[in-house]
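So that you can map any letter, position 166 of the sequence shown is 163 in our numbering, and since no number is skipped, the others follow by simple counting.
Just so it is clear, CB atoms sit at the ideal spot from N, CA and C, and this is done for glycine as well.
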Amino acid sequence: MEKVHVLDHPLLQHKLSILRNKDTGVKEFREIISEVAALECYEATRDLPLKEVEINTPVATGKFKVLAGKKLAIVPILRAGLGMVDGILDLIPSAKVGHIGLYRDPETRLPVEYYCKMPSDIADRDVIVVDPMLATGGSASAAITFLKGYGCKSIKLMNVIAAPEGITCVQRDHPDVDIYVAAVDERLNDHAYIVPGLGDAGDRIFGTK
């Protein structure tokens, strides 16, 4: 579990409890998913390299730190992952955004790809894959496999809630990938929903049933 980062910041936990509440409406749910993604992004980017540059302040000239190294890409797993993108872009507006569309076959429960569009330089970027729920782990693992096929070397996975089964799946398939979550819940139910979870994140973000 050393590559699984459970972020227990009080603000995250408070906002997560609002997300879990079945009475939280679409507008508030959407806003808070974005806020949670921003808070998680602080931790997921904690190891970004820095370099010193010379800057003239209104008072004096000094050497100060700015980001160095490779640029970032955010890759949401459609459609629920879209709800996390804006919160991250608020912090890192220069990040590029790729998209992977996957759905879970109701019979086999295996991920099926239906859409993919990546920045042309995706292999040269540090990639953060985002999806609110890490349930079986099949979609996340498939998305990471796809990105590695594009030549991506630095990949992180960021979820709001994970099930132990999903973490096990991603760690088995991609032991090099760090996972960032706000909570690890009890288990999956017979329909592969996270328990207690927060329901279907996509439906709650977009107001569909």
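Could you give the residue range of the alpha helix (DSSP H) that holds Y39?
Y39 -> alpha helix (DSSP H) spans 23 to 41.
Using only alpha-carbon positions, find the residue among I202, G146, I15, L8 that is nearest to E37.
Comparing Cα-Cα distances from E37 to each of I202, G146, I15, L8, the minimum goes to L8.
In terms of residue numbering, what span does the beta strand (DSSP E) encompassing V113 cover?
The sequence shown places Cys at residue 113, rather than the Val named in the question. Looking at the DSSP string, the run of the beta strand (DSSP E) that includes C113 is 108 to 114.
Count Cβ pairs between the region 77 to 94 and the region 18 to 33 that sit closer than 8 Å; are there 3 or more?
As far as the Cβ criterion goes, the region 77 to 94 touches the region 18 to 33, which means the pair count is three or higher.
Report the three-state DSSP secondary structure of R201 (helix, strand or coil).
Of the three classes helix, strand and coil, the one that applies to R201 here is helix, per DSSP.
From the DSSP output, read off the bridge partner residues of Y177.
Y177 is bridged to H2, M155.
Is the region 13 to 30 in contact with the region 60 to 74, if contact means three or more CB pairs nearer than 8 Å?
As far as the Cβ criterion goes, the region 13 to 30 does not touch the region 60 to 74, which means the pair count is below three.
L195 to K19, Cα distance in whole Å?
Cα-Cα distance, rounded: 7 Å.
Should H188 be labelled buried (16 or more other beta-carbon atoms within 10 Å of its own) or exposed?
It counts as exposed.
Around the C-beta of H171, are 16 or more other C-beta atoms found within 10 angstroms, so that it is buried, or is it exposed?
By the 10 Å Cβ count, H171 comes out buried.
Below 6 Å CB to CB, which residues in the same chain sit around C113 once its five sequence neighbours on both sides are set aside?
Closer than 6 Å at Cβ, skipping near neighbours: I97.
Taking A57 and L99 to be in contact with their CB atoms under 8 Å, please state how far apart those CB atoms are, rounded to whole angstroms.
The pair is not a contact, with the Cβ atoms about 52 Å apart (cut-off 8 Å).
Measuring alpha carbon to alpha carbon, tell me which residue in V178, P161, V174 is nearest V192.
Cα-wise, what sits closest to V192 is P161.
In the DSSP assignment, find the beta strand (DSSP E) that holds T58 and state where it starts and stops.
Taken as a continuous stretch (DSSP letters only), the beta strand (DSSP E) holding T58 covers 58 to 64.
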